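Engineer: Residues in the sequence shown are numbered from 1 upward in steps of one, following full-length UniProt numbering.
Cβ atoms here follow ideal geometry from the backbone N, Cα and C, with glycine treated the same way.
The structure presented is a predicted model; accordingly, all values stated were derived computationally and were not measured.
The structure is given below, and queries will be raised subsequently.
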Amino acid sequence: MDTHMAQHDDLHLMGLQELDSHLSIFESSNMEMESSAGTPESTSNYGDTINVSDQLNSIIVKSTDEVYLPSAQYGSRARPTDPKLNALQAEHSIKSTSDGSLHLRPESARDSMVSSMNTDIDDGSSALSSISSKATSPTGFDAHSKETHKSASQFAKRREKFDIRPKVSIPTDLTPSEYARQCIAAAESSRLNPYSLHIEEHAMLRKHISHQQVTTYLNIRNGILRLWTRNPLIGVMRDEAVGCAKDVRWFDAASVCYEWLVRRGYINYGCLEHIEAKRVNKKPRAPKRTRRTIAVLGAGMSGLGCARQLEGLFSQFEERFIAMGEDPPRVIVLEGRDRIGGRVYSKAMKSKPKYPTLSYGSRHTAEMGGMIITGFDRGNPLNIIVRGQLALPYHALKPDTTIYDAIGRPVDINRDQFAEKLFNYILDRVSEYKFKLPTHPVIDGDKDLLDAGRDNSSEGSKTISEVEDSSNSSTSSSKNTSRAPSEQMVPVSSDRLTGRAHLEPGIPAVHTAAFKAQEIGWQLRDGVGIEQDLDLENVVNSKYATLGLVFDEAIRQYTRIIEFAPLDLQLINWHVANLEYSNAVTCNKLSLGGWDLDTGNEWEGKHTMVTGGYQQVPRGLLNCPEPLTVRKGRKVRRVSYKPDTNDSPSLIECEDGEEIEADYIVSSIPLGVLKQQNIQFEPALPDWKMGPIQRIGYGVLNKVVLVYEEAFWDESRDIFGTLRNPANRFSLEQSEYFTQRGRFFQWFNVTNTTGLPTLLALMAGDAAFSTESTPNDFLIAEATKVLRCVFGASVPLPVEAIVTRWGHDQFSYGSYSYTGPNFRPDDYDVMAKPIGNLFFAGEHTCGTHPATVHGAYISGLRAASEVLESMIGPIDIPEPLVLPNSSSMKRKSDSIRSPKDPKQARLEKYEAEVWDAIYVKLGDRPWKPANNYANPYRMYSKDKWEEAKKKCETGRRPGKGKPIPNEVKKMVTKMWKEASDEEKQPYNDRAEVQKKAYADALADYNLKAGQWDKDALAYREIYELEHPSIPTPEEFASPSRDRRAKRGVNGYAEDSDDEVDV
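Structure (structure tokens):
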């Protein structure tokens, strides 16, 4: 058969956690197929005053085998495969089921731009013929109980029926382990733990499934996420999601999981087209139906994200609204500015390049607000939007930083590292006083089974809630209930691009201050022993204790332990300025207990900037797939909402007198505006809402953007830093560094993203606030002076300069939120809670990712979910969620309405007979030898573990207990790095011996396996000649054998007659 490989060399779509994989192979089918492109396009103008270069790039993915499914809500593609694929290489591991027959069921694979083709065909098992372990219902659902039978039969009548077969969404050309790897990667790319239930999943399912069934549920959930991440231009349909279940008894659970993922914005979000479902024999439409209105206040990332998500949800749940006698609601967005994007603002420059370097149509812009995407991996939803949907070009920032002292000399890298490590140790000490946040129950699946792509075959006796509520739950299910780790997340390094501390698991500040300083490399003062430590209790217990106050006290005490020079304090304060940059405020206004409340939620991967302007992302949300209704220039003056009932519409009054009625209101108004109380709420916001508004801070970060005719700096570097002298440059008093440390302290070379020779300087901490009242000429002169100190007197004045002053912006009054001195641990969550029909979005409502663009977007997804639930109610969960075993066959017959194709049944049985004969003749296929992954470091770690443990016990503070494994591991790593080549040589030799032994075993395996495959092929031909499979009369009378060719089928069901080359 013809095989077509779709290859893309660039397009920036690579990277959806599977970016190292090849593109899918699109195989042509012998079925009749209609081509259907699911590409979102917009034919309207943006509405902003921009030129043609503002147009977003669109990607059209074409395939000769796309199939339009009439009953689907989304465009979908089906790829047929052959159940005989990879038979010789993989099916030897599972011969037959208990009844002696081998079931080969056609399964499906979702076409994708990032589909992995790195399948190990010698993995010892095959997705084609593997018989997955079927999880059973908890034994509490007694199959022989009269009540259970009655309940099951009653519910079976009103359960949703799915015209789908199990496993149709599981690709047949992947081994179970490879499929599992892709599913786990998809979950990690979707803000979900692949091995544990989300807190909302736990609350939703705790009364319906057992601990043993969690593994099966997670396999389904991760499989649904895989469908989404591998092609986010196409939404996942419910039947596709149900097809991730391996047993019909789990269809309802898969449907519930799918709806939760859709509602909460884990799948089917962003800039994708929602195709209206075609309803067969639909009733005549009523002449008039009620139609409710949702008004979103603010067209920033949270407001646009919420509006776009609402449009998508209303499209997907259209039938629910029609059943309620309504049309899907309308969404309008009210924006006070004359542009969209809010604090994501890419201001067009007046300057134009002599020799354009950006792609055609790109704008030359300066980033006034948000500018860095802080890693695409491990769940950032902007990964889907920027790379998977809008295909925007971007530049990966290199974190390499050179810091120049006050007279322009590069600072010695070792000295800089000493300062950074001491800075992080002080933050480590301060971490002892963080808020002790409550832990939520963590319900884990079986990691080994999840990694292998297998369900749990064991039977649960009680539901999760029964186990948790029982008195002996702590002993009977300690493996599955909440973990109470002894370690915390402690700072180990600083992110120079974002200013945020990088944290790792550990115990805060286990060593004394003197020991740690000496370990770093500092020289202790004469007479100071390693037992000397910091005493921060008095300042911590003071009434006005903040992070900055405690940090400054630690520095003052360290001056009695270490012989500081002014340069050392300048370096330490440079890192303090970087921390102030990430929080948009001076450290003396940061909460001591909550300054790093969002730790552990950082994304992974390189930080990037969008080429041509970050504002392309909100513009994409505005226009793709079709324009949202946005009314600009609508400055809101009064919001009248309904705190208790939604019987009558609410009213929004603008300053120009216009009034807008709305049934629901989503406020994405920035916290700075809420603090000003310029918008009148009727009734007034309650005290429990005003409390967080007052306690959460709202800071300022400003920028100075300088454009030049040509670059005079190192264009291979993306950032560099500069140190600033205090008023007394010889001062060793920490307080004197406060005002100067954040002035032009960090510079970004943004030439690659603007297309012009451009530098962008940050003004952080106290400097950010002083920028608000400093004239442009003064700032440009100061910036030029700093640059001339570094690059020489020949540095020219800029040809264009732009200065931000976010504190004076009437639509934000600041940059982003921070945890103020009186902050409470639940303030962000309380800020997000709705009041009647008034909902809240914005980065200041996202406790996991505050002060970020992606946090603002995530808050919009959350608000949209809350609005939908208030309109159509919560997710309906059938009882029982997983049917008892006794109902399995009945449910299967209800689910698969047409009888099994006799031809397919005969071929499956014959295939099993052929393999049984091959195994009898040749025996089992040789097994691939296990790779022990010979690693010299692992061998060294095993030998030196106890020695490293003893080193960790030296200089330990009282009450810190014994070293935890992570501490010992770090010490072993340090010892390995410091070991000489002579010390490492024996371990390298041992590793080479093991590698050679494995290579020899693998070569022998390949030889024997190859010969076995040849013998199997030869014997198969003989067997098929001697024992042919003869069609039965029933095959010619069967009306269902060609049903797939005659009508659309939901999901990716595949034709068993197609052939695929291996």
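Is it a yes or a no for the stretch 321-329 touching the stretch 762-770, going by three-plus beta-carbon pairs under 8 Å?
Structural biologist: Because the criterion of three Cβ pairs below 8 Å is not met, the stretch 321-329 and the stretch 762-770 do not touch.
Engineer: Taking the CB atoms as reference points, tell me whether residue 1068 and Leu-723 lie closer together than 8 Å.
Structural biologist: The question about residue 1068 has no answer, for the chain in this structure spans 1 to 1062.
Engineer: Can you tell me which of the three DSSP states Ile-652 falls into?
Structural biologist: Ile-652: strand per DSSP, three-state reduction.
Engineer: Does the Cβ of Arg-291 have 16 or more other Cβ atoms within 10 Å, making it buried, or fewer, making it exposed?
Structural biologist: Result: exposed.
Engineer: What runs of the beta strand (DSSP E), each 3 residues or longer, lie entirely inside the stretch 389-462?
Structural biologist: Fully enclosed beta strand (DSSP E) runs of 3 or longer: 394-396, 401-404.
Engineer: So, at 8 Å on beta carbons, what are the nonlocal neighbours of Val-799 in its own chain, with the 5 sequence-adjacent residues on each side left out?
Structural biologist: Closer than 8 Å at Cβ, skipping near neighbours: Ser-351, Val-707, Tyr-708, Glu-709.
Engineer: Could you compute how far the alpha carbon of His-208 sits from the alpha carbon of Ile-385?
Structural biologist: Approximately 35 Å between the Cα atoms of the pair.
Engineer: Sorted by chain position, which residues of the same chain lie with C-beta nearer than 6 Å to Gln-746's C-beta, five sequence neighbours on each side aside?
Structural biologist: Counting only Cβ-Cβ distances below 6 Å, and skipping sequence neighbours, we find Gly-721, Leu-762.
Engineer: What's the C-alpha gap between Arg-337 and Met-975?
Structural biologist: C-alpha separation (whole angstroms): 58 Å.
Engineer: Tell me whether Arg-339 is buried or exposed, calling it buried when 16 or more other Cβ atoms sit within 10 Å of its Cβ.
Structural biologist: When all chains shown are included, Arg-339 counts as buried.
Engineer: Is Thr-97 helix, strand or coil when you go by DSSP?
Structural biologist: Its pLDDT being 35, under 50, Thr-97 is placed unreliably by the model, and nothing is read from it.
Engineer: Which one or two residues does DSSP pair with Ala-761 in a beta bridge?
Structural biologist: Ala-761 pairs with Val-704, Trp-747.
Engineer: Identify the residues that DSSP records as bridge partners of Tyr-664: which are they?
Structural biologist: In DSSP, Tyr-664 forms a bridge with Ile-294.
Engineer: So which of His-395, Asp-252, Val-236, Glu-519 has the shortest CA-CA distance to Lys-951?
Structural biologist: Looking at the Cα atoms, Glu-519 is the closest of the given residues.
Engineer: Pop quiz: Pro-834 and Glu-869 are said to be a contact at Cβ under 8 Å. What is the actual Cβ separation, rounded to whole angstroms?
Structural biologist: 10 Å between Cβ atoms; not a contact.
Engineer: Should Arg-77 go down as buried or exposed, given a rule of 16 or more other Cβ atoms within 10 Å for buried?
Structural biologist: In this prediction, Arg-77 scores a pLDDT of 38, lower than 50, which makes its location untrustworthy; no coordinate-derived value is stated.
Engineer: Tell me the rounded alpha-carbon separation between Pro-902 and Tyr-269.
Structural biologist: Straight-line Cα distance between these residues: approximately 42 Å.
Engineer: Look at the alpha carbon of Ala-917 and the alpha carbon of Glu-1026, and state the distance between them as a whole number of angstroms.
Structural biologist: Using only the alpha carbons, I get a separation of about 12 Å.
Engineer: Just the C-alpha distance for Lys-354 and Thr-758, rounded to the nearest angstrom, thanks.
Structural biologist: About 14 Å.
Engineer: Scan the stretch 336-389 and note each continuous beta strand (DSSP E) run of 3 residues or more that stays entirely inside, going in chain order.
Structural biologist: Counting whole runs of 3 or more residues, the stretch 336-389 contains the beta strand (DSSP E) stretches 346-348, 365-367.
Engineer: What is the rounded straight-line gap between the Cα of Arg-363 and the Cα of Glu-318?
Structural biologist: Using only the alpha carbons, I get a separation of about 38 Å.
Engineer: Per DSSP, which residues does Ser-640 bridge with? Please list them.
Structural biologist: DSSP output for Ser-640 lists Leu-651, Glu-682 as bridge partner(s).
Engineer: So, helix, strand or coil for Glu-800, using DSSP?
Structural biologist: It is a strand residue.
Engineer: Within its chain, find whatever has a CB closer than 8 Å to the CB of Ile-372; leave out the 5 residues flanking it on each side and keep chain order.
Structural biologist: The residues are Leu-397, Leu-497, Thr-498, His-607, Thr-608, Met-609.
Engineer: Straight-line CA distance for Lys-949 to Thr-973?
Structural biologist: Near 12 Å, if we compare the C-alpha coordinates of Thr-973 and Lys-949.
Engineer: Would DSSP call Phe-720 helix, strand or coil?
Structural biologist: Strand, per DSSP.
Engineer: Start and end of the alpha helix (DSSP H) containing Phe-769?
Structural biologist: Its alpha helix (DSSP H) spans residues 766-771.
Engineer: Does DSSP put Thr-475 in a helix, in a strand, or in coil?
Structural biologist: Because the pLDDT at Thr-475 is just 45, under 50, the model does not fix this residue reliably, and the value given afterwards should be weighed accordingly. Here Thr-475 sits in helix by DSSP.
Engineer: Once you ignore the five residues that flank Ser-458 on each side, which residues in its own chain have a CB closer than 6 Å to its CB?
Structural biologist: The residues are Gln-212.
Engineer: With Tyr-266 and Asp-444 assumed to form a contact (beta carbons below 8 Å), what rounded beta-carbon distance in angstroms separates them?
Structural biologist: The pair is not a contact, with the Cβ atoms about 19 Å apart (cut-off 8 Å).
Engineer: For Val-786, collect the residues of the same chain with a Cβ closer than 7 Å to its Cβ; drop the 5 residues on either side in sequence, then sort them by chain order.
Structural biologist: If we look at Val-786 and ignore the five residues flanking it on each side, its Cβ neighbours are Thr-722, Phe-744.
Engineer: Which of the three DSSP states, helix, strand or coil, is assigned to Val-168?
Structural biologist: Correct three-state label for Val-168: coil.
Engineer: Any idea which residues DSSP pairs Leu-334 with across the strands?
Structural biologist: DSSP lists Leu-297, Arg-631 as partners of Leu-334.
Engineer: Decide if the stretch 608-626 is in contact with the stretch 411-431; the criterion is three or more beta carbon pairs, one per stretch, under 8 Å apart.
Structural biologist: The answer is no - the stretch 411-431 does not touch the stretch 608-626, with fewer than three Cβ pairs under 8 Å.
Engineer: Strictly under 8 Å for the Cβ-Cβ distance: is His-511 near chain C by that measure?
Structural biologist: The structure shown contains no chain C; it holds only a single protein chain.
Engineer: With DSSP as the reference, label residue 1064 as helix, strand or coil.
Structural biologist: What is shown of the chain runs 1 to 1062, which leaves residue 1064 out entirely.
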